[in-house]
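First to last, the protein sequences are chains S and D.
With the first letter of the first sequence counted as 1, position 81 gets the number 100 in our numbering; the numbers rise by one all the way through.
With the first letter of the second sequence counted as 1, position 247 gets the number 266 in our numbering; the numbers rise by one all the way through.
2 protein chains.
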Amino acid sequence: MKALVIGGDGYCGWATALHLSNKGYDVAILDNLARRHWDDKLGVNTLTPIASIQKRINRWYELTGKKIELFVGDITNYDFLIKAFRKFEPESIVHFGEQRSAPYSMIDREHAVFTQVNNVVGTLNILYAMKEEFPDSHLVKLGTMGEYGTPNIDIEEGYIEIEHNGRKDILPYPKQPGSFYHLSKVHDSHNIHFACKIWGIRATDLNQGVVYGVLTEETGMDELLINRLDYDGVFGTALNRFCIQAAIGHPLTVYGKGGQTRAFLDIRDTVRCMELAIANPAEAGQFRVFNQFTELFSIKDLATMVQKAGATLGLKVEINNLENPRVELEDHYFNAKNTKLLDLGLQPHYLSDSLLDSLLNFANKYKGRVDMEQILPKVSWRR
Amino acid sequence: MKALVIGGDGYCGWATALHLSNKGYDVAILDNLARRHWDDKLGVNTLTPIASIQKRINRWYELTGKKIELFVGDITNYDFLIKAFRKFEPESIVHFGEQRSAPYSMIDREHAVFTQVNNVVGTLNILYAMKEEFPDSHLVKLGTMGEYGTPNIDIEEGYIEIEHNGRKDILPYPKQPGSFYHLSKVHDSHNIHFACKIWGIRATDLNQGVVYGVLTEETGMDELLINRLDYDGVFGTALNRFCIQAAIGHPLTVYGKGGQTRAFLDIRDTVRCMELAIANPAEAGQFRVFNQFTELFSIKDLATMVQKAGATLGLKVEINNLENPRVELEDHYFNAKNTKLLDLGLQPHYLSDSLLDSLLNFANKYKGRVDMEQILPKVSWRR
Numbered sequence: 020m021k022a023l024v025i026g027g028d029g030y031c032g033w034a035t036a037l038h039l040s041n042k043g044y045d046v047a048i049l050d051n052l053a054r055r056h057w058d059d060k061l062g063v064n065t066l067t068p069i070a071s072i073q074k075r076i077n078r079w080y081e082l083t084g085k086k087i088e089l090f091v092g093d094i095t096n097y098d099f100l101i102k103a104f105r106k107f108e109p110e111s112i113v114h115f116g117e118q119r120s121a122p123y124s125m126i127d128r129e130h131a132v133f134t135q136v137n138n139v140v141g142t143l144n145i146l147y148a149m150k151e152e153f154p155d156s157h158l159v160k161l162g163t164m165g166e167y168g169t170p171n172i173d174i175e176e177g178y179i180e181i182e183h184n185g186r187k188d189i190l191p192y193p194k195q196p197g198s199f200y201h202l203s204k205v206h207d208s209h210n211i212h213f214a215c216k217i218w219g220i221r222a223t224d225l226n227q228g229v230v231y232g233v234l235t236e237e238t239g240m241d242e243l244l245i246n247r248l249d250y251d252g253v254f255g256t257a258l259n260r261f262c263i264q265a266a267i268g269h270p271l272t273v274y275g276k277g278g279q280t281r282a283f284l285d286i287r288d289t290v291r292c293m294e295l296a297i298a299n300p301a302e303a304g305q306f307r308v309f310n311q312f313t314e315l316f317s318i319k320d321l322a323t324m325v326q327k328a329g330a331t332l333g334l335k336v337e338i339n340n341l342e343n344p345r346v347e348l349e350d351h352y353f354n355a356k357n358t359k360l361l362d363l364g365l366q367p368h369y370l371s372d373s374l375l376d377s378l379l380n381f382a383n384k385y386k387g388r389v390d391m392e393q394i395l396p397k398v399s400w401r402r
Numbered sequence: 020m021k022a023l024v025i026g027g028d029g030y031c032g033w034a035t036a037l038h039l040s041n042k043g044y045d046v047a048i049l050d051n052l053a054r055r056h057w058d059d060k061l062g063v064n065t066l067t068p069i070a071s072i073q074k075r076i077n078r079w080y081e082l083t084g085k086k087i088e089l090f091v092g093d094i095t096n097y098d099f100l101i102k103a104f105r106k107f108e109p110e111s112i113v114h115f116g117e118q119r120s121a122p123y124s125m126i127d128r129e130h131a132v133f134t135q136v137n138n139v140v141g142t143l144n145i146l147y148a149m150k151e152e153f154p155d156s157h158l159v160k161l162g163t164m165g166e167y168g169t170p171n172i173d174i175e176e177g178y179i180e181i182e183h184n185g186r187k188d189i190l191p192y193p194k195q196p197g198s199f200y201h202l203s204k205v206h207d208s209h210n211i212h213f214a215c216k217i218w219g220i221r222a223t224d225l226n227q228g229v230v231y232g233v234l235t236e237e238t239g240m241d242e243l244l245i246n247r248l249d250y251d252g253v254f255g256t257a258l259n260r261f262c263i264q265a266a267i268g269h270p271l272t273v274y275g276k277g278g279q280t281r282a283f284l285d286i287r288d289t290v291r292c293m294e295l296a297i298a299n300p301a302e303a304g305q306f307r308v309f310n311q312f313t314e315l316f317s318i319k320d321l322a323t324m325v326q327k328a329g330a331t332l333g334l335k336v337e338i339n340n341l342e343n344p345r346v347e348l349e350d351h352y353f354n355a356k357n358t359k360l361l362d363l364g365l366q367p368h369y370l371s372d373s374l375l376d377s378l379l380n381f382a383n384k385y386k387g388r389v390d391m392e393q394i395l396p397k398v399s400w401r402r
């Protein structure tokens with residue numbers, strides 16, 4: 020089975036590409052390497068010293084004998100995209116190839132417009148390439164739990180049955196995204212749903228929670244395979260960011276009261292979810308939505324857990340409640356369903372003290388690379 | 020009160036600009052004249068011989084003494100947009116400035132991408148201009164009833180209260196748009212809603228039905244003020260198209276069984292709805308949604324009405340059930356609410372025999388301009 024991993028040089032994409040290759044899939048990576056370029060432009064860097072994509076792939080081949088083909092280019096360029104598709108002939112198209120940071124999309128008008136055009140056009144191009152020449156392939160698309168916002172009712176997986184004035188229908192779950200980035204994912208979901216309906220395309224939209232952790236079975240095999248780990252105010256996500264802050268003695272940056280509850284998963288479950296979605300493809304014409312996470316935590320609780328884990332390692336961890344740069348509720352109902360991937364066989368890695376210890380130790384190993392200037396959030400939703 | 024009409028050279032925009040000017044608003048038109056350019060590129064033309072925007076505005080001034088300022092340029096160019104805003108200093112921003120044809124968006128990948136980028140970026144630029152320099156202005160944005168699709172429950176105005184597992188919330192109404200154009204309007208709605216929430220912007224999203232008719236009080240004042248009237252397979256909408264087909268002896272082009280029910284309104288009500296929305300602005304931070312239509316008809320029923328009205332004028336009108344070029348249900352529930360504009364004082368012009376007679380006679384007057392090659396639909400949703 021041939022799987023093309025678009026965005027395969029990124030955090031989730033790299034781990035997924037290696038995992039699929041390890042499991043016997045014929046894997047290719049398509050990436051424009053934009054994430055490395057944005058790091059350069061913002062003056063930020065991953066905590067971990069990642070090798071070039073070419074070196075990574077070569078090392079993987081040396082270690083395992085498994086080849087990963089590489090296509091360097093941009094999916095918003097249809098000509099490039101279709102040529103890569105024709106060369107590789109993917110059966111599964113795993114699409115991580117989007118601008119994925121909410122703060123990045125909120126920097127200013129240019130970044131908002133860029134994020135939406137980049138993400139929406141890239142996905143439209145993939146849909147047209149599938150329709151035109153690869154109608155039986157399966158799109159596995161990274162969405163986000165942030166598409167739902169924080170409604171005061173339970174969050175279902177993509178659809179909800181609504182009874183209204185004595186009639187019923189199953190309709191797309193209403194979306195209340197919280198940044199121009201999250202909005203771009205909502206736009207994608209609507210576009211993909213429509214393409215499935217009119218062209219009979221197969222698609223799975225994975226509404227993923229916040230991913231934490233850095234080691235997977237494959238990326239842990241060699242220093243040259245090491246995955247990226249972001250801690251800066253633009254690309255660093257909660258928990259990974261907290262662990263790095265704890266390791267370097269910086270107070271944990273909790274936004275506001277920290278009552279925001281979000282969905283989380285270990286990166287070892289991300290790669291397994293991708294494998295499950297690919298191995299069990301959507302039907303022709305089906306727009307399937309899975310909520311991809313394993314646990315719910317409030318930001319405040321996460322910070323406390325990191326503080327405790329730090330204490331056992333002799334770290335004195337402070338928690339700093341910053342003025343929230345985002346516009347979001349800090350005290351709200353949040354209950355999301357996640358049974359579909361469990362039904363397919365996902366065995367979750369729950370957040371544990373040992374994971375926190377390992378993340379803290381990992382962060383400690385590379386703490387000399389931290390740039391203290393990049394830790395605090397600089398992008399405000401309001402201004 | 021200063022009202023900037025973006026897209027003021029188009030069918031709804033031109034009628035609205037004159038109506039607002041007539042009612043005492045200080046009006047400016049901003050338009051990139053793209054619609055005239057697309058007509059040229061597709062080889063289609065309005066049935067009516069429309070004057071240039073410059074001649075139209077001059078004639079309006081000669082007749083009424085009312086000046087309409089003109090900005091020719093593209094709102095996807097932020098530099099142009101903000102300069103026009105600074106010069107005119109709008110209090111109401113009426114936004115018709117989008118690619119508005121579903122078939123146009125379905126021609127091919129390029130047209131789909133163009134439609135979404137053009138519409139989404141134009142609206143994002145307006146939102147940023149409002150936030151940056153005109154925070155108290157009111158955005159009156161043209162949406163479409165097509166955002167809702169055809170759910171099996173009643174369609175509310177923008178939001179719906181959902182009770183689920185014992186809890187309740189009022190959430191954005193689920194959207195099931197039926198073309199890449201309709202999708203672009205859904206994307207806009209989500210973007211605007213978010214901007215209202217985080218920046219306190221005032222916005223009214225008008226989910227308009229299919230507009231019919233051509234004469235308004237103002238555009239009927241002079242031949243040089245005449246409005247455009249489209250009958251071709253790309254830009255011609257139901258009813259207007261049927262009346263022109265009847266006048267020239269072409270069978271009415273009903274797609275499929277014609278059981279598709281849609282929302283309709285007279286263009287005289289469009290201009291009045293715009294006036295009502297402007298005169299009663301949304302609150303700061305409010306994303307207000309009105310369903311802008313007056314009646315529901317099935318396409319089959321519309322065709323039969325045109326057939327009957329034709330008979331009284333001695334026209335023998337045939338109805339042709341074409342293979343449906345679109346992917347849509349031809350037999351479905353459809354019940355949409357429209358009380359908010361009525362509550363603000365809208366007095367509907369209902370579709371009547373006299374309107375049909377007048378439209379048929381109007382079409383007859385200009386039938387020499389019809390290009391028979393342009394009548395049948397050429398764009399398929401499937402291929």
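Heads up, the beta-carbon is just placed ideally off N, CA and C, and yes, glycines get one too.
None of the values given here were measured: they were computed from a predicted structure.
Local Cβ density within 10 Å of VAL347(D), reported as buried at 16 or more and exposed below that:
Here the question's residue 347(D) lines up with position 328 in the second sequence. The residue you asked about is not Val; residue 347(D) is Glu in the sequence shown. Looking at its Cβ environment, which holds 16 or more other Cβ atoms inside 10 Å, GLU347(D) is buried.
So which residues of chain S does LEU202(D) contact, with C-beta pairs closer than 7 Å?
Translated into the one-based positions of the second sequence, residue 202(D) becomes position 183. Against chain S, the beta carbon of LEU202(D) has neighbours under 7 Å at HIS209, ASN210, PHE213, listed in chain order.
Under a CB-based cut-off of 8 Å, is LEU158(D) close to chain S?
Your numbering for residue 158(D) matches position 139 in the second sequence. For LEU158(D), the answer is no, since every Cβ of chain S falls outside 8 Å of its Cβ.
8 Å Cβ cutoff, TRP400(S) in contact with chain D
As a working note, residue 400(S) is residue 381 in the first sequence. TRP400(S) counts as touching chain D.
Could you pull out every unbroken beta strand (DSSP E) segment of at least 3 residues lying fully inside the segment 175-240 of chain S, listed in chain order?
178-183, 186-191, 221-227, 229-231
Using a Cβ distance threshold of 8 Å, determine whether the segment 244-264 of chain S contacts the segment 20-29 of chain D, with at least three qualifying pairs required.
no
Opening and closing residue of the beta strand (DSSP E) in which THR272(S) lies:
To locate residue 272(S), count along the first sequence from 1; it is residue 253. Here the beta strand (DSSP E) through THR272(S) covers 271-274.
My output table needs one value for ASP406(D): the three-state DSSP class, helix, strand or coil.
Coverage of chain D is limited to positions 20 through 402, which leaves residue 406(D) absent and any answer about it impossible.
Is ILE145(S) closer than 8 Å to LEU437(S) when the C-beta atoms are compared?
The requested residue 437(S) does not occur in the structure, where chain S is confined to residues 20 to 402.
Counting Cβ pairs, one atom from each stretch, are 3 or more of them under 8 Å apart for the segment 327-344 of chain D and the segment 369-384 of chain D?
yes
Using 8 Å as the Cβ pair cut-off and three pairs as the minimum, do the segment 382-398 of chain D and the segment 265-282 of chain D touch?
yes
Would you mind sorting ARG402(S) into buried or exposed? The rule is 16 or more other CB atoms within 10 Å of its CB.
Working through the first sequence from its first residue, we reach residue 402(S) at position 383. It is exposed - the Cβ of ARG402(S) has fewer than 16 other Cβ atoms within 10 Å.
Please name the residue, chosen from GLU314(D), GLU337(D), LEU363(D), VAL205(D), that lies closest to ALA301(D) on a Cα-to-Cα basis.
In the second sequence, counting from the first residue as 1, residue 301(D) sits at position 282. With distances taken between Cα atoms, ALA301(D) lies closest to LEU363(D).
Check: GLU81(D) C-beta below 7 Å from any heavy atom of the ligand ZN:
The ligand content of the structure shown is nil, which means the ligand ZN is not present either.
What does HIS130(D) touch in chain S if you count any residue whose Cβ is under 8 Å from its own?
Your numbering for residue 130(D) matches position 111 in the second sequence. Chain S residues near HIS130(D): none, gap ~11 Å exceeds 8 Å.
With burial defined as no fewer than 16 other Cβ atoms inside 10 Å of the residue's Cβ, what is the status of ASP224(S): buried or exposed?
To locate residue 224(S), count along the first sequence from 1; it is residue 205. Buried, because 16 or more other Cβ atoms sit within 10 Å of the Cβ of ASP224(S).
Rounded to the nearest angstrom, what separates MET125(D) and ASN340(D) at their Cα positions?
Position 106 of the second sequence holds residue 125(D). Position 321 of the second sequence holds residue 340(D). Between MET125(D) and ASN340(D), the C-alpha separation is close to 21 Å.
Within a Cβ cutoff of 8 Å, which residues of the same chain sit near THR238(S), ignoring the five residues on either side of it in sequence?
Position 219 of the first sequence, counted from the start, is the residue given in the question as residue 238(S). Excluding positions up to five away in sequence, the list reads TRP33, ALA34, LEU37, LEU244, ILE245, ASN246.
Span separating the alpha-carbon of LEU158(D) from that of PRO122(S)
Mapped onto the second sequence, residue 158(D) falls at position 139. Mapped onto the first sequence, residue 122(S) falls at position 103. The straight-line gap from Cα to Cα measures roughly 25 Å.
In this structure, what does DSSP give as the bridge partners for SER111(S)?
Numbered from its first residue, the first sequence carries residue 111(S) at position 92. According to DSSP, SER111(S) bridges with ALA22(S), HIS157(S).
To the nearest angstrom, report how far apart GLY177(S) and HIS201(S) are at their CA atoms.
As a first step, residue 177(S) must be located in the first sequence, where it is residue number 158. As a first step, residue 201(S) must be located in the first sequence, where it is residue number 182. Their Cα atoms are separated by approximately 15 Å.
Would DSSP call GLY32(D) helix, strand or coil?
Position 13 of the second sequence, counted from the first residue, corresponds to residue 32(D). If DSSP states are grouped into helix, strand and coil, GLY32(D) belongs with the helices.
Evaluate the contact criterion for the segment 187-194 of chain S versus the segment 276-283 of chain S: three or more CB pairs, one atom per stretch, below 8 Å.
no
Within the 8 Å Cβ cut-off, does ASN138(S) reach chain D?
Working through the first sequence from its first residue, we reach residue 138(S) at position 119. Answer no: the Cβ-Cβ gap between ASN138(S) and chain D never drops below 8 Å.
Please compile the residues from chain S whose C-beta is within a distance smaller than 8 Å of the C-beta of ARG186(D).
The count along the second sequence starts at 1 and reaches residue 186(D) at position 167. Chain S residues near ARG186(D): ASN171, ILE172, ASP173, TYR352.
Please report the distance separating the alpha-carbon of TRP79(D) from that of TYR97(S).
Along the second sequence, read from residue 1 onward, the residue named residue 79(D) stands at position 60. Along the first sequence, read from residue 1 onward, the residue named residue 97(S) stands at position 78. If you take the alpha carbons of TRP79(D) and TYR97(S), they lie about 46 Å apart.
When the cut-off is 8 Å and only beta carbons count, does LYS194(S) lie next to chain D?
Within the first sequence, the letter at position 175 stands for residue 194(S). Closer than 8 Å: yes.
8 Å is my cut-off, CB to CB: does HIS114(D) come that close to chain S?
Mapped onto the second sequence, residue 114(D) falls at position 95. Closer than 8 Å: no.
Whose C-alpha, out of ASP45(D), ARG55(D), ALA70(D), ILE286(D), is nearest the C-alpha of PHE312(D)?
Translated into the one-based positions of the second sequence, residue 312(D) becomes position 293. The shortest Cα separation from PHE312(D) among ASP45(D), ARG55(D), ALA70(D), ILE286(D) belongs to ILE286(D).
Are the C-beta atoms of VAL253(S) and some chain D residue less than 8 Å apart?
Along the first sequence, read from residue 1 onward, the residue named residue 253(S) stands at position 234. Taking Cβ atoms only, chain D never reaches closer than 8 Å to VAL253(S), which makes this a no.
List, in chain order, every chain D residue whose beta-carbon is nearer than 8 Å to that of PRO191(S).
Within the first sequence, numbered from 1, the residue matching residue 191(S) stands at position 172. Within chain D, the residues near PRO191(S) are PRO193, LYS194, GLN195.
How would you write the range of the alpha helix (DSSP H) that LEU295(S) sits in, first residue to last?
As a first step, residue 295(S) must be located in the first sequence, where it is residue number 276. Residues 286-298.
Beta-bridge partners of VAL46(S), as assigned by DSSP
Looking up residue 46(S) in the first sequence gives position 27. Its beta-bridge partners are ALA22(S).
At a CB-CB cut-off below 8 Å, which residues of chain S make contact with LYS356(D)?
Locating residue 356(D) in the second sequence gives position 337, counting from the first residue. What LYS356(D) touches in chain S, judged by beta-carbon distance under 8 Å, is nothing: the nearest beta carbon there is about 10 Å away.
Looking at the structure shown, is GLN311(D) part of a helix, part of a strand, or coil, going by DSSP?
Taking the second sequence and counting its residues from 1, the one referred to as residue 311(D) is at position 292. Strand.
Tell me the DSSP secondary structure of ILE318(D) in three-state form.
The residue you call residue 318(D) lines up with position 299 of the second sequence. ILE318(D): helix per DSSP, three-state reduction.
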